[in-house]
Every structure is written in C-alpha cells, then in structure tokens.
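Numbered as in this note's numbering, the sequence shown ends at 71 without a single skipped number.
Quick reminder that beta carbons are idealized off the backbone N, C-alpha and C, glycines included.
Remarks on the structure that follows.
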Amino acid sequence: MPGTRVLIADTEKLGQLIRLTRRFQHLRQDEVGRFSHSFIGEVEMGKSTAQIGKVFEALRELGLKIHIELPPGIPESAVQELSRPR
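Written out as structure tokens, the structure is:
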C-alpha cells in the first residue's frame, strides 16, 4: 500500500517532511545514518546548498522516496531507456 504523496516545491518543504518523518520514527538528528546532527538540522531547515548526494542518502535512511512527475510530451518509452544498462 503506497504512502501519502506530498508535492515538494522547495528545500524548505523537503526539510519539513524529513523532520516530520524522523520525529515519527523517534530518531534524534544524530541517529540518521552517518550524518552529524548539524547536517540533518540544516537539511530540515531547508538549506538550499546541502549536498544532494547526502540528502538522498538521508532520505533512504528514513525510508523516504522521491518521485518525479514529468511534464506532458515526454513519452514513457524515453524514460524507460534511462533504466537500461549501458
């Protein structure tokens, strides 16, 4: 059963959802992956310069997933090509 879907329009909204998820999992900021509490705190505050690779790692640690809604006109076949091994 899929979870609730939320539109993420900016880093502030993403940070709010990360904080909400972490708190519902009863985790302190320093208990999320291998990150310092200051890094997680900055992400939760919506810091726009946070390293995206680390943000994705933190999302995985919390069980959060990002889905991208493509604009009209991009065929599904083009997207499927991205998943093929090179």
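Excluding the 5 residues preceding and the 5 following residue -1 in the sequence, name in chain order all residues of the same chain whose CB lies nearer than 8 Å to its CB.
Non-local beta-carbon contacts of residue -1 in its own chain, meaning distances under 8 Å to residues more than five positions away in sequence, involve -7, 28, 31, 40 in chain order.
Buried or exposed for residue 59, please, with buried defined as at least 16 other CB atoms from any protein chain shown within 10 angstroms of its CB.
The residue in question, residue 59, is exposed, as its Cβ has fewer than 16 Cβ neighbours within 10 Å.
Residue burial classification, residue 7 (beta-carbon count within 10 angstroms, cutoff 16):
Residue 7 is buried by the Cβ-count criterion.
Would you mind reading off the limits of the alpha helix (DSSP H) that contains residue 20?
For residue 20, there is no enclosing alpha helix (DSSP H), since its DSSP letter is neither H nor E.
Counting along the chain, where does the alpha helix (DSSP H) carrying residue 5 start and finish?
Here the alpha helix (DSSP H) through residue 5 covers -4 to 9.
Grab me the residues of residue 2's own chain with a C-beta within less than 8 Å of its C-beta, minus the 5 sequence neighbours each way, in chain order.
Sequence-distant partners of residue 2 (beyond 5 residues in either direction) whose C-beta falls short of 8 Å from its own C-beta, in its chain, are -9, -7, 49.
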